[in-house]
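Okay, structure first, notes after.
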Amino acid sequence: MRRIRSLRRRLPGDDPVPIMEVCGTHSHVLGKTGLRELLGDAVEYRSGPGCPVCVTDPTDLDMLVRFALQEKVLVAAYGDLLRVPGTEGSLLEQKARGARVSLVYSALDVLELARQNEKQQVVFAATGFETTAPGTALLILEAKAAGLKNLSVLSLHKLMPPALRQLLSAGRGRIEGLILPGHVSAVTGRRAFDFLASELGCRAVVAGFEPLDVLHATALLLEMAAAGRCAVANAYRRVVSEEGNTAAKEAMAEVFAPEAALWRGLGEIEDSGLGIKPGYAAFDARRRFGLEPGRAPGGGRETCRCGEVLRGAIRPPECPLFGTKCTPAHPQGVCMVSTEGACASYF
Amino acid sequence: MCLAMPVRVLAVEGDLATIEIAGGTRIASKKLVPEIKAGDYGLLHAGIIIQKVDPEQARQTLALYEEIYGQSASR
Chain D
11 MRRIRSLRRR LPGDDPVPIM EVCGTHSHVL GKTGLRELLG DAVEYRSGPG CPVCVTDPTD
71 LDMLVRFALQ EKVLVAAYGD LLRVPGTEGS LLEQKARGAR VSLVYSALDV LELARQNEKQ
131 QVVFAATGFE TTAPGTALLI LEAKAAGLKN LSVLSLHKLM PPALRQLLSA GRGRIEGLIL
191 PGHVSAVTGR RAFDFLASEL GCRAVVAGFE PLDVLHATAL LLEMAAAGRC AVANAYRRVV
251 SEEGNTAAKE AMAEVFAPEA ALWRGLGEIE DSGLGIKPGY AAFDARRRFG LEPGRAPGGG
311 RETCRCGEVL RGAIRPPECP LFGTKCTPAH PQGVCMVSTE GACASYF
Chain G
538 MCLAMPVRVL AVEGDLATIE IAGGTRIASK KLVPEIKAGD YGLLHAGIII QKVDPEQARQ
598 TLALYEEIYG QSASR
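So, in structure tokens, the structure goes:
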């Protein structure tokens, strides 16, 4: 921390240097350890769009919540998604109304769920970035190999590089550097983020999830800034290679093709989602059930400022609902739901 | 959601691995890391091993988890 402060003094100005931690797990580490406050005089950490549940668009969520109430349907999802409030309630609330909603720990658990519920259509609401998408790809490959007729996937997967490109190209606020998500990078490889420095002139460091990893990445970013150097460095070599996990990328490329996706707070971003390829159409819930995103009037709870939080435009305490009407026990906005959400980590 | 944790692989069979986690065992997919074998450490994310990791680094992380969460996190 002394090193970070001394590096900060070598940079011009007196304000804390704005650094964006892209990944929700990094936000969680900064909140839990108190590093955000401890280093507040030198660095201003801003949470980025890296909590997959938080960036799921309300219209997608409303579509899912409505769909869950249909008869003979069982919706499977990762735990975080169940509590996210849509305009018509959350999946968990639908469960209380009689919908069949099942929490899964792994995409591959959905195979067993489909086998045990032969008379139900099991739909996996697949959220997450490059870390979870390979698991969904494996699920679809195995479902096809096993000839399962009652399993499909609603892909809400999102890709990190196109979102960062959009965020930085839009020039929203000054960001001195990015702390990149370590486990997304384990799949994509460090090289997938080179464009940040070479095309967009933004320095970045891939970081692990121990508090020391985050401090190390922060120091590296400030070192680069002090030296006037712009690059994408790797501070998580014990896990992240240059080219990432080839088998995971191959599985994703076999099943998915990039398509435009809606992000809460960022809008539609070209090639930032993963659609299921025509060869696997039988396992695509959108095609099978003709699912269209809901068009909720006003996009939900209006005073909530999650959208601006996700763009790094405001810090969570600047939202009028933060800590009063909106708390982890009674979340109004999506950033308060997951422990990795920016608001929950500040709280 | 994108947090993965190091786990020790106890046995492998086909695409599946028996892993040691939180003092118990669980079955995980090793399809994305075909070269992993018993005794190796892997990074587990949502039931799937996404990367092989250096054993010394993995042991250090697991020791840290144990310190934070007590005996239940690992053995």
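From first to last, the protein sequence lines are chains D and G. Heads up: the first sequence at position 24 corresponds to 34 in the numbering used here, and the numbers run straight through without jumps. Heads up: the second sequence at position 34 corresponds to 571 in the numbering used here, and the numbers run straight through without jumps. Note that CB positions come from ideal geometry on N, CA and C, so glycine has one too.
Applying a beta-carbon distance threshold of less than 7 Å, which residues of chain D neighbour S554 of chain G? Position 17 of the second sequence, counted from the first residue, corresponds to residue 554 of chain G. This sequence places Ala at residue 554 of chain G; Ser is not what is there. Within 7 Å Cβ-Cβ: nothing; A554 of chain G doesn't reach chain D, min ~12 Å.
Reference L166 of chain D; option with closest CA among D:S16, D:G283, D:K259: As a working note, residue 166 of chain D is residue 156 in the first sequence. With distances taken between Cα atoms, L166 of chain D lies closest to D:G283.
Identify every residue that forms a DSSP beta bridge with Q588 of chain G. Within the second sequence, the letter at position 51 stands for residue 588 of chain G. Paired residues: G:L580.
Have a look at A135 of chain D and D591 of chain G and give me their C-alpha separation to the nearest angstrom. One-based indexing of the first sequence puts residue 135 of chain D at position 125. One-based indexing of the second sequence puts residue 591 of chain G at position 54. So the two alpha carbons sit approximately 33 Å from each other.
Just to confirm, are I585 of chain G and S116 of chain D a CB contact at a threshold of 8 Å? Position 48 of the second sequence, counting from 1, holds the residue named residue 585 of chain G. Position 106 of the first sequence, counting from 1, holds the residue named residue 116 of chain D. Yes, these two residues count as a Cβ contact at 8 Å.
Taking 8 Å as the threshold (C-beta atoms), are L272 of chain D and D8 of chain D in contact? A question about residue 8 of chain D goes unanswered here, because the residues of chain D that appear run from 11 up to 357.
Going by the CB atoms, is the gap between R213 of chain D and P28 of chain D shorter than 8 Å? Against the first sequence, residue 28 of chain D aligns to sequence position 18. Against the first sequence, residue 213 of chain D aligns to sequence position 203. Cβ distance not < 8 Å, so P28 of chain D and R213 of chain D don't count as in contact.
Within this structure, are the beta carbons of V163 of chain D and Q130 of chain D separated by less than 8 Å? The residue given as residue 163 of chain D occupies position 153 in the first sequence. The residue given as residue 130 of chain D occupies position 120 in the first sequence. No.
What does Y115 of chain D touch in chain G if you count any residue whose Cβ is under 8 Å from its own? Stepping through the first sequence from its first residue, residue 115 of chain D is reached at position 105. The contacting residues are A583, G584.
What residues from chain G crowd round L118 of chain D, counting only those whose CB sits closer than 8 Å? Reading the first sequence from its first residue, position 108 is the one you call residue 118 of chain D. Per Cβ cutoff of 8 Å: S566, G584, I585.
Residue range of the alpha helix (DSSP H) that A292 of chain D falls in? Reading the first sequence from its first residue, position 282 is the one you call residue 292 of chain D. Counting along the chain, A292 of chain D falls outside any alpha helix (DSSP H), and DSSP gives it neither H nor E.
Mapping DSSP to helix, strand and coil, what is C345 of chain D? Along the first sequence, one-based indexing puts residue 345 of chain D at 335. Helix, per DSSP.
Span of the alpha helix (DSSP H) holding C316 of chain D? Working through the first sequence from its first residue, we reach residue 316 of chain D at position 306. Under the DSSP assignment, C316 of chain D falls in the alpha helix (DSSP H) whose first and last residues are 316-320.
What does a CB cutoff of less than 8 Å around I14 of chain D pick up in its chain, not counting 5 residues either side in sequence? Here residue 14 of chain D refers to the residue found at position 4 when the first sequence is read from its first residue. Cβ neighbours of I14 of chain D beyond the five flanking positions: L49, A52, V53, L225, T228, A229, L232.
Option nearest M262 of chain D by Cα separation, candidates D:T142, D:L40, D:P191, D:K42: Numbered from its first residue, the first sequence carries residue 262 of chain D at position 252. Nearest of D:T142, D:L40, D:P191, D:K42 to M262 of chain D, Cα basis: D:T142.
Short of 6 Å in beta carbon distance, which residues of its chain neighbour L210 of chain D, apart from the five on each side in sequence? Order them along the chain. Locating residue 210 of chain D in the first sequence gives position 200, where the first residue counts as 1. Only L178 meet the Cβ criterion.
State the beta-bridge partners of G145 of chain D as determined by DSSP. Taking the first sequence and counting its residues from 1, one reaches residue 145 of chain D at position 135. As far as DSSP is concerned, G145 of chain D takes part in no beta bridge.
What span of residues does the beta strand (DSSP E) with Q131 of chain D cover, start to end? Here residue 131 of chain D refers to the residue found at position 121 when the first sequence is read from its first residue. It spans 131-136 - the beta strand (DSSP E) in which Q131 of chain D sits, taken as one unbroken run.
Rounded to the nearest angstrom, what separates E253 of chain D and M542 of chain G at their Cα positions? To locate residue 253 of chain D, count along the first sequence from 1; it is residue 243. To locate residue 542 of chain G, count along the second sequence from 1; it is residue 5. Computed Cα separation, rounded: 21 Å.
Buried versus exposed call for T256 of chain D [16 or more other C-beta atoms within 10 Å across all chains shown]: Along the first sequence, one-based indexing puts residue 256 of chain D at 246. The residue in question, T256 of chain D, is exposed, as its Cβ has fewer than 16 Cβ neighbours within 10 Å.
Counting only C-beta atoms, is L102 of chain D closer than 8 Å to chain G at any point? Sequence index remark: in the first sequence, residue 102 of chain D carries index 92 (1-based). It does not; no Cβ of chain G falls within 8 Å.
Beta-carbon neighbours of P172 of chain D, restricted to chain C and to distances below 7 Å: As a matter of chain content, chain C is missing from the structure shown, whose protein chains are D and G.
For V344 of chain D, go through chain G and note every residue whose CB falls closer than 7 Å to its CB, in chain order. In the first sequence, counting from the first residue as 1, residue 344 of chain D sits at position 334. Those do not exist, as V344 of chain D stays about 13 Å from chain G at its closest Cβ, beyond 7 Å.
Run the CB neighbour count on G308 of chain D, radius 10 Å, all protein chains shown included, and call it buried at 16 or more, exposed below. Against the first sequence, residue 308 of chain D aligns to sequence position 298. Any reading at G308 of chain D must be qualified, since the residue scores a pLDDT of 45, below 50, and its modelled position is unreliable; the value itself is stated next. Burial call: exposed.
Determine the extent of the beta strand (DSSP E) in which D281 of chain D is found, giving its start and end residues. Within the first sequence, the letter at position 271 stands for residue 281 of chain D. Unbroken beta strand (DSSP E) run through D281 of chain D: 277-286.
I want to see whether chain G comes within less than 8 Å of I248 of chain D, judged by CB atoms only; does it? Working through the first sequence from its first residue, we reach residue 248 of chain D at position 238. A quick correction: the sequence has Arg, not Ile, at residue 248 of chain D. It does: the Cβ of R248 of chain D has a partner Cβ on chain G nearer than 8 Å.
Buried or exposed: which applies to S355 of chain D, given that a residue is buried once 16 or more other Cβ atoms fall within 10 Å of its Cβ? Residue 355 of chain D sits at position 345 when you count from the first residue of the first sequence. Buried is the label assigned to S355 of chain D, since at least 16 other Cβ atoms lie within 10 Å of its Cβ.
So, with DSSP's three-state summary, where would you put E209 of chain D? Here residue 209 of chain D is taken as the residue at index 199 of the first sequence, counted from 1. Note: E209 of chain D maps to coil in three-state DSSP.
How many whole angstroms separate the CB atoms of T35 of chain D and F219 of chain D, which I take to be in contact at a CB cut-off of 8 Å? Numbered from 1 along the first sequence, position 25 holds the residue referred to as residue 35 of chain D. Numbered from 1 along the first sequence, position 209 holds the residue referred to as residue 219 of chain D. Indeed they touch by this definition, with Cβ atoms about 6 Å apart.
Let me know if D25 of chain D comes out buried or exposed under the rule of 16 or more other beta-carbons within 10 Å of its beta-carbon. Here the question's residue 25 of chain D lines up with position 15 in the first sequence. Answer is exposed; the Cβ neighbour count stays below 16.
Does DSSP put Y55 of chain D in a helix, a strand or coil? Position 45 of the first sequence holds residue 55 of chain D. Y55 of chain D: strand per DSSP, three-state reduction.
Does E128 of chain D pass the burial test, meaning 16 or more other C-beta atoms within 10 Å, or should it be called exposed? As a working mapping, residue 128 of chain D is identified with position 118 in the first sequence. So E128 of chain D ends up on the exposed side.
A173 of chain D and L45 of chain D closer than 8 Å at C-beta: If you number the first sequence from 1, residue 173 of chain D lands on position 163. If you number the first sequence from 1, residue 45 of chain D lands on position 35. Cβ atoms of A173 of chain D and L45 of chain D: not closer than 8 Å.
Since T35 of chain D is in the alpha helix (DSSP H), which residue starts that stretch and which ends it? As a position in the first sequence, residue 35 of chain D is number 25, starting the count at 1. T35 of chain D -> alpha helix (DSSP H) spans 34-43.
For A147 of chain D and S16 of chain D, what's the separation of their Cα atoms in angstroms? Within the first sequence, numbered from 1, the residue matching residue 147 of chain D stands at position 137. Within the first sequence, numbered from 1, the residue matching residue 16 of chain D stands at position 6. C-alpha of A147 of chain D to C-alpha of S16 of chain D: approximately 46 Å in a straight line.
Among D:M30, D:A155, D:R110, which has the Cα closest to the Cα of A292 of chain D? Translated into the one-based positions of the first sequence, residue 292 of chain D becomes position 282. The option with the nearest alpha carbon to A292 of chain D is D:A155.
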